[in-house]
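Numbering of the sequence shown is given in the numbering used here, commencing with residue 343 and proceeding in unit increments. All C-beta atoms, glycine included, are put in the ideal place defined by N, C-alpha and C. None of the values given here were measured: they were computed from a predicted structure. Structure first, then comments.
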Amino acid sequence: MEGRNKTLGEFIIEKQEDFKYSSGELSRLINSIRLAAKVVNHEVNKAGLVDIIGAFGERNIQGEDQQKLDVYANEIFMQTLINREIVCGIASEENDEYITIKGQDGCHNNKYVVMMDPLDGSSNIDVNVSVGTIFSIYRRVTPEGTPVTTEDFLQPGINQVAAGYVIYGTSTMIVYTTGNGVNGFTLNPAIGTFYLSHPNMEFPKDGNIYSINEGNYVHFPQGVKNYIKYCQREEEDRPYTSRYIGSLVSDIHRNMIKGGIYIYPTSAKAPNGKLRLLYECNPMAFLTEQAGGKASDGFNRIMEIKPTELHQRVPFFCGSYNMVEKAEQFMREAK
Ligand code: AHM
Ligand code: MG
343 MEGRNKTLGE FIIEKQEDFK YSSGELSRLI NSIRLAAKVV NHEVNKAGLV
393 DIIGAFGERN IQGEDQQKLD VYANEIFMQT LINREIVCGI ASEENDEYIT
443 IKGQDGCHNN KYVVMMDPLD GSSNIDVNVS VGTIFSIYRR VTPEGTPVTT
493 EDFLQPGINQ VAAGYVIYGT STMIVYTTGN GVNGFTLNPA IGTFYLSHPN
543 MEFPKDGNIY SINEGNYVHF PQGVKNYIKY CQREEEDRPY TSRYIGSLVS
593 DIHRNMIKGG IYIYPTSAKA PNGKLRLLYE CNPMAFLTEQ AGGKASDGFN
643 RIMEIKPTEL HQRVPFFCGS YNMVEKAEQF MREAK
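Written out as structure tokens, the structure is:
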């Protein structure tokens, strides 16, 4: 079997020459994410044992309850990246503003900016449901040597040089792309090593799973309602099944393996949808396209949207190519 016994560390070294800009920095960056993922994994696994779960008593910029582990994961990912002096800026779903990072020499010579959702789906932690970390990496667009600006963060998704997620599930995995396909690595917790377990992951072109919070049905746009009805129709033997964990990373991960579509549309309650373009949709869209799937806002390719603000939300249709095409067709027809 390809990749048997290959560790993530070995894989990163082997693939370094494939990177567009092969200075080794991107490899170091992914290595830091691997390290932070292990630390967060350790803490997430202890969630029921230590008194770490529960609301922290703070609300993040979107006005949602922030859980303690969100704060923890945010700190770990931030500190790991800052300490290694690989990036020049980080924007996190948990922070109102981006941060600028300079090296020990006081210069701003690093090339990459990172955007992340350190612990997505964290409301699921206290019920033992999988959560994840999502990350997205860009080269800065402003000149090296100067502090990063908003412009470095408000880049369209097509500029991503790498993206991925960590899923803290029944096993812990890192799944990422640097633009040459998608590979998944599973953690052996006994020795703390990620092994290549899912080489060249691909979304099946078609699938039978649709993942959407149907509790919001009455608020959905007509196109989405029609698509759901299409999935539920009995005639023509359409064996669709509904699966919604409510944890984006887990829903997308399952659909990538089994074939399916994830939809978080606009609704009367959430006029721009719920998910964030920079921290959630762009990285998931990059992974999805690299795995042969499709990601759109119902009409346009997610990765071509020009962001206008850090915490911007967009409707999200993502998954098996033909399923997303079909859903888009319903959206167009109902327009
Ligand atoms: P979060 O970033 O606050 O955790 O919210 C994102 C999560 C996704 O993981 C999930 O797909 C979605 O919110 C679920 O939302 P809802 O409960 O409205 O269906
Ligand atoms: Mg999130």
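#1: Is the CB-CB distance between residue 382 and residue 415 below 7 Å?
#2: Quick check for students: name the residue ranges of the beta strand (DSSP E) that lie wholly in the region 444–514, counting only runs of 3 or more.
#3: For ligand 2, which residues have a Cβ under 6 Å from at least one heavy atom, in chain order?
#4: Could you give the C-beta distance for residue 466 and residue 548, rounded to a whole number, given that I count them as a contact under 8 Å?
#5: Using 6 Å as the cut-off, classify the Cβ of residue 588 as near or not near the heavy atoms of ligand 1, replying yes or no.
#6: Return the Cβ separation of residue 543 and residue 525 in integer angstroms, given the expectation that the two are a contact with Cβ distance under 8 Å.
#7: For the region 568–632, list the alpha helix (DSSP H) runs that are entirely contained and at least 4 residues long, ordered along the chain.
#8: According to DSSP, is residue 666 helix, strand or coil?
#9: DSSP on residue 357, reduced to helix/strand/coil?
#10: So, using beta-carbon positions, are residue 605 and residue 641 closer together than 7 Å?
#11: Taking the C-alpha atoms as reference points, what is the distance between residue 349 and residue 629?
#12: At which residues does the alpha helix (DSSP H) containing residue 383 begin and terminate?
#13: So is residue 497 buried or exposed if we call it buried at 16+ other beta carbons inside 10 Å?
#14: Between the region 492–510 and the region 369–387, can you find at least three pairs of beta-carbon atoms closer than 8 Å?
#15: Within 10 Å of its beta-carbon, does residue 513 have 16 or more other beta-carbons around it, so buried, or fewer, so exposed?
#16: Measure from the alpha carbon of residue 460 to the alpha carbon of each residue in 635, 673, 621 and 636, then state which is nearest.
#17: Do residue 627 and residue 612 count as a contact pair if the criterion is CB distance below 7 Å?
Inspection of the coordinates gives the following:
#1: Yes.
#2: The region 444–514 contains these whole beta strand (DSSP E) runs: 454–462, 473–481 and 502–510.
#3: Listed along the chain, these residues meet the criterion: 435, 459, 462 and 622.
#4: Not a contact, Cβ separation roughly 28 Å.
#5: Checking the 6 Å criterion, the Cβ of residue 588 is within range of a heavy atom belonging to ligand 1.
#6: About 7 Å; that satisfies the 8 Å criterion.
#7: Counting whole runs of 4 or more residues, the region 568–632 contains the alpha helix (DSSP H) stretches 590–600 and 624–632.
#8: Helix.
#9: Helix at residue 357.
#10: No.
#11: Approximately 20 Å, taken between the alpha carbons.
#12: First-last of the alpha helix (DSSP H) with residue 383: 367–387.
#13: Classification of residue 497: buried, given that the 10 Å Cβ count is 16 or more.
#14: In this structure the region 369–387 touches the region 492–510; the number of beta carbon pairs closer than 8 Å is three or more.
#15: With fewer than 16 other Cβ atoms within 10 Å, it is exposed.
#16: With distances taken between Cα atoms, residue 460 lies closest to 621.
#17: Not a contact, by the Cβ cut-off of 7 Å.
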